[in-house]
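Here's the structure, in structure tokens; my notes come after.
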Amino acid sequence: MNEFLDPVALARWQFGLTTLYHFIFVPLTIGMALLVAILQTVWVRTGKEKYLRLTRLFGKVFLINFAMGVVTGIVQEFQFGMNWSNYSRFVGDIFGAPLAMEGLIAFFFEATFIGLWIFGWEKLPKKIHLMTIWFVWIGTVLSAYFILAANAFMQNPVGFNINEERGRAELESIGDVLLNPVALTQFPHTIFASIMFAGVVLVSVAAWHLKRGQFVDEMRTTLRFGAWTNLIAFAGVGLSGHSLGLVMTETQPMKMAAAEAMYNTATGRDASFSLFSLGTPDGAHEIFSVRIPYLASFLATNSLDGTVEGINDLQAEYTEMYCGAADSLLTCPTDGAFMPIVWVTYWSFRWMIGLGALAALVSLVGLWITRKTVDLPKWVWTVAIWTAPLPMLASLVGWIFTEMGRQPWIVFGVMTTEQGISPGVPGWMVLVSLVVFTIVYGGLAVVEFGLIVKTVKAGPPEIARTGDGGGADGSGSVDKNQLATVY
1 MNEFLDPVAL
11 ARWQFGLTTL
21 YHFIFVPLTI
31 GMALLVAILQ
41 TVWVRTGKEK
51 YLRLTRLFGK
61 VFLINFAMGV
71 VTGIVQEFQF
81 GMNWSNYSRF
91 VGDIFGAPLA
101 MEGLIAFFFE
111 ATFIGLWIFG
121 WEKLPKKIHL
131 MTIWFVWIGT
141 VLSAYFILAA
151 NAFMQNPVGF
161 NINEERGRAE
171 LESIGDVLLN
181 PVALTQFPHT
191 IFASIMFAGV
201 VLVSVAAWHL
211 KRGQFVDEMR
221 TTLRFGAWTN
231 LIAFAGVGLS
241 GHSLGLVMTE
251 TQPMKMAAAE
261 AMYNTATGRD
271 ASFSLFSLGT
281 PDGAHEIFSV
291 RIPYLASFLA
301 TNSLDGTVEG
311 INDLQAEYTE
321 MYCGAADSLL
331 TCPTDGAFMP
341 IVWVTYWSFR
351 WMIGLGALAA
361 LVSLVGLWIT
371 RKTVDLPKWV
381 WTVAIWTAPL
391 PMLASLVGWI
401 FTEMGRQPWI
411 VFGVMTTEQG
421 ISPGVPGWMV
431 LVSLVVFTIV
441 YGGLAVVEFG
451 LIVKTVKAGP
461 PEIARTGDGG
471 GADGSGSVDK
481 NQLATVY
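Be aware that the sequence shown starts at 1, since it is given in full-length UniProt numbering, and climbs by one per residue.
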């Protein structure tokens, strides 16, 4: 019974589940804000009504998703105090700085311009109003960077010193924290992945309507815009992912070794990329694998003859480094194991790549077959509709890889996960809050999905014209009351 009420395991499950749930909304917010800004820009530049209708349709999807992201994100910060008080006390001076910047700078910036965008239709000049949605996107990107900088400190702690007298880490250089190499490479990777997700959502929405022969002109434009967005962003994901892999190898070699299920140090041809691998139940040895020679060496070192350190060698190195001296007890796990759960790290890395590549492949095929006509069999549109979750799932398993691959550390090389837990919180209390959060978040998911589906099914709203015959093509004005009802 005690193993089911282990506060460390339950707190990890709670934070993992609530974080992944929250991250369903984050990438769509980031990506959709950009695509809505582009659509509105095209409308302002061309005066074509269909771009205004698409701006309003996907603008409403963005706003619904943004609201849900705010609600679910608030819970994350409370958990640092509730379940992870030792962690918060020990590194809160550093970890809290970028989070405070996110709340006080980026979020307020973003929220201010969202308000101006929502209520500025027909009240602000057209180009000024367009500027507000671009500032919204800038705010979402800034918010993402500050949060990634906080996470990067957990992956590669920099800019701090340990005050032995007070028994805690203290901020020494905020510049080092914000310019952490992990943050600088993780940021573009996350942004491109978010744009991929938004692009595929556009493809899915367009496919749903084209399957029914509705809004053909608008939806063909949406389909091709979304598909091109997805392909371009996929290229960005690949390039930034390679850069992130190089930094990861330098800062967290055990994570790279686990990602490749590489138990022994290898060089050149032997440092191969494993397409499929089976290991012993204890995860200590490889039994069978299918590998591509040289590829792991290239991914880890940007060279075909580079060396990739293996799990066994790193385990021995870390044991000597962190458990061999009396003053390093803070960072030595009780079981002495410094490797993550290899199969989780290994397979999440491959699912991340595979799901993203599959979404890009669907977009590539879609662009080819719709270059002349959208009169296609219904099963084609069904396939396109069901591609929408693929980049989202790729992002989720990517974060599983990032966080699970860091284990057993909560702050790499500084503090283990089991040492970061709140000492006075019993397992049953964490379990109760975990169940409550799961139920509440499940209900919110139903509401969110229902609102978005209802909005999408309604399609691009009609543009009401004023009595003088004006319209949305730039020759006249749009009925501001009708516009307001959309938001």
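Glycine included, C-beta positions come from ideal geometry on N, C-alpha and C.
None of the values given here were measured: they were computed from a predicted structure.
Pick from the options: whose alpha carbon is nearest that of residue i?
{"i": "VAL365", "options": "PHE25, TRP43, ALA227, THR373", "result": "ALA227"}
{"i": "ILE292", "options": "LEU184, GLY268, THR301", "result": "GLY268"}
{"i": "GLY459", "options": "VAL158, LEU299, LYS50", "result": "LYS50"}
{"i": "VAL141", "options": "VAL205, ASN156, LEU184, ILE311", "result": "LEU184"}
{"i": "LEU314", "options": "SER348, THR249, SER272, VAL362", "result": "THR249"}
{"i": "GLU170", "options": "CYS332, ILE162, ILE138", "result": "ILE162"}
{"i": "ALA316", "options": "PHE108, TYR263, LEU202, LEU431", "result": "TYR263"}
{"i": "GLU218", "options": "LYS48, TRP121, ALA258", "result": "LYS48"}
{"i": "GLN214", "options": "ASP375, THR251, PRO181", "result": "ASP375"}
{"i": "LEU355", "options": "TRP428, VAL380, PRO389", "result": "PRO389"}
{"i": "VAL344", "options": "VAL362, ILE400, LEU304", "result": "ILE400"}
{"i": "ALA111", "options": "ILE94, LYS123, TRP134", "result": "TRP134"}
{"i": "THR18", "options": "LYS60, PHE78, ARG53", "result": "PHE78"}
{"i": "LEU99", "options": "ARG166, THR132, VAL70, ILE147", "result": "ILE147"}
{"i": "VAL237", "options": "ASN230, LEU244, ALA193", "result": "ALA193"}
{"i": "PRO408", "options": "GLY69, LYS255, MET68, TYR346", "result": "LYS255"}
{"i": "GLY69", "options": "VAL91, GLY59, GLU102, TYR21", "result": "TYR21"}
{"i": "THR132", "options": "ALA150, PHE109, SER143, ALA144", "result": "PHE109"}
{"i": "residue 509", "options": "ALA144, LYS372, LEU367", "result": "With the chain represented from 1 up to 487, any question about residue 509 goes unanswered, as that position is not in the structure."}
To which residues of the same chain is residue i closer than 7 Å at the C-beta, ignoring the five residues directly before and after it?
{"i": "ILE410", "result": "TYR87, MET154, THR416, THR417, GLY420"}
{"i": "LYS126", "result": "VAL44"}
{"i": "PHE197", "result": "PRO27, LEU28, GLY31, PRO391, MET392, SER395"}
{"i": "ILE174", "result": "ALA97, GLY159"}
{"i": "ASN312", "result": "TYR263, ASN264"}
{"i": "VAL42", "result": "TYR51"}
{"i": "GLN186", "result": "LEU148, ALA152, LEU244"}
{"i": "ALA67", "result": "none"}
Is residue i close to chain C, meaning its C-beta is less than 8 Å from at least one C-beta of that chain?
{"i": "ASN264", "result": "Considering every chain present, this structure includes no chain C. It has just one protein chain."}
Does the Cβ-Cβ distance between residue i and residue j come in under 8 Å?
{"i": "VAL200", "j": "ALA37", "result": "no"}
{"i": "residue 504", "j": "GLY115", "result": "Coverage of the chain is limited to positions 1 through 487, which leaves residue 504 absent and any answer about it impossible."}
{"i": "ALA266", "j": "VAL308", "result": "yes"}
{"i": "VAL456", "j": "TRP84", "result": "no"}
{"i": "GLY245", "j": "LEU179", "result": "no"}
{"i": "HIS129", "j": "TRP137", "result": "no"}
{"i": "ALA33", "j": "VAL203", "result": "no"}
{"i": "residue 494", "j": "GLU448", "result": "The chain is shown only over 1 to 487; residue 494 falls outside these bounds and no answer can be derived."}
{"i": "SER348", "j": "VAL414", "result": "no"}
{"i": "LEU210", "j": "TRP386", "result": "no"}
{"i": "THR229", "j": "ALA206", "result": "no"}
{"i": "LEU39", "j": "PHE58", "result": "yes"}
Sorted by chain position, which residues of the same chain lie with C-beta nearer than 6 Å to residue i's C-beta, five sequence neighbours on each side aside?
{"i": "SER328", "result": "Note that SER328 scores a pLDDT of 47, beneath 50, so its modelled location is shaky and nothing firm can be said."}
For residue i, collect the residues of the same chain with a Cβ closer than 8 Å to its Cβ; drop the 5 residues on either side in sequence, then sort them by chain order.
{"i": "VAL8", "result": "THR417, GLU418, ILE421"}
{"i": "ALA326", "result": "Note that ALA326 has pLDDT 48, beneath the 50 cutoff, so the model's placement of it is unreliable and the number below is only indicative. If we look at ALA326 and ignore the five residues flanking it on each side, it has no Cβ neighbours."}
{"i": "ASP6", "result": "GLY427"}
{"i": "ILE94", "result": "PHE153, PRO157, GLY159, PHE160, ALA169, GLU170, LEU171, VAL177"}
{"i": "GLN14", "result": "GLN79, ASN83, VAL430, SER433, LEU434, PHE437"}
Per DSSP, residue i forms a beta bridge with which residues?
{"i": "ALA169", "result": "ILE162"}
{"i": "SER274", "result": "ARG291"}
{"i": "VAL26", "result": "Paired residue(s): none; VAL26 is not in a bridge."}
{"i": "TRP307", "result": "Checking the sequence shown, residue 307 turns out to be Thr, not Trp. DSSP, once it has assigned bridges, lists THR267 as partnering THR307."}
Exercise for the section: Pick out the complete beta strand (DSSP E) segments inside the segment 400–461, 3 residues or longer, and give them in chain order. Expected result: 409–411
Problem - Those runs of the alpha helix (DSSP H) which lie wholly inside the segment 327–386 and span at least 4 residues - result: 342–369, 378–385
Problem - Contiguous alpha helix (DSSP H) assignments of at least 4 residues, all confined to the segment 28–85 - result: 49–82, all fully within the segment 28–85.
Exercise for the section: Identify every run of the beta strand (DSSP E) within the segment 122–203, keeping only runs that are complete inside it and at least 3 residues long; order them along the chain. Expected result: Correct list: 160–163, 168–171.
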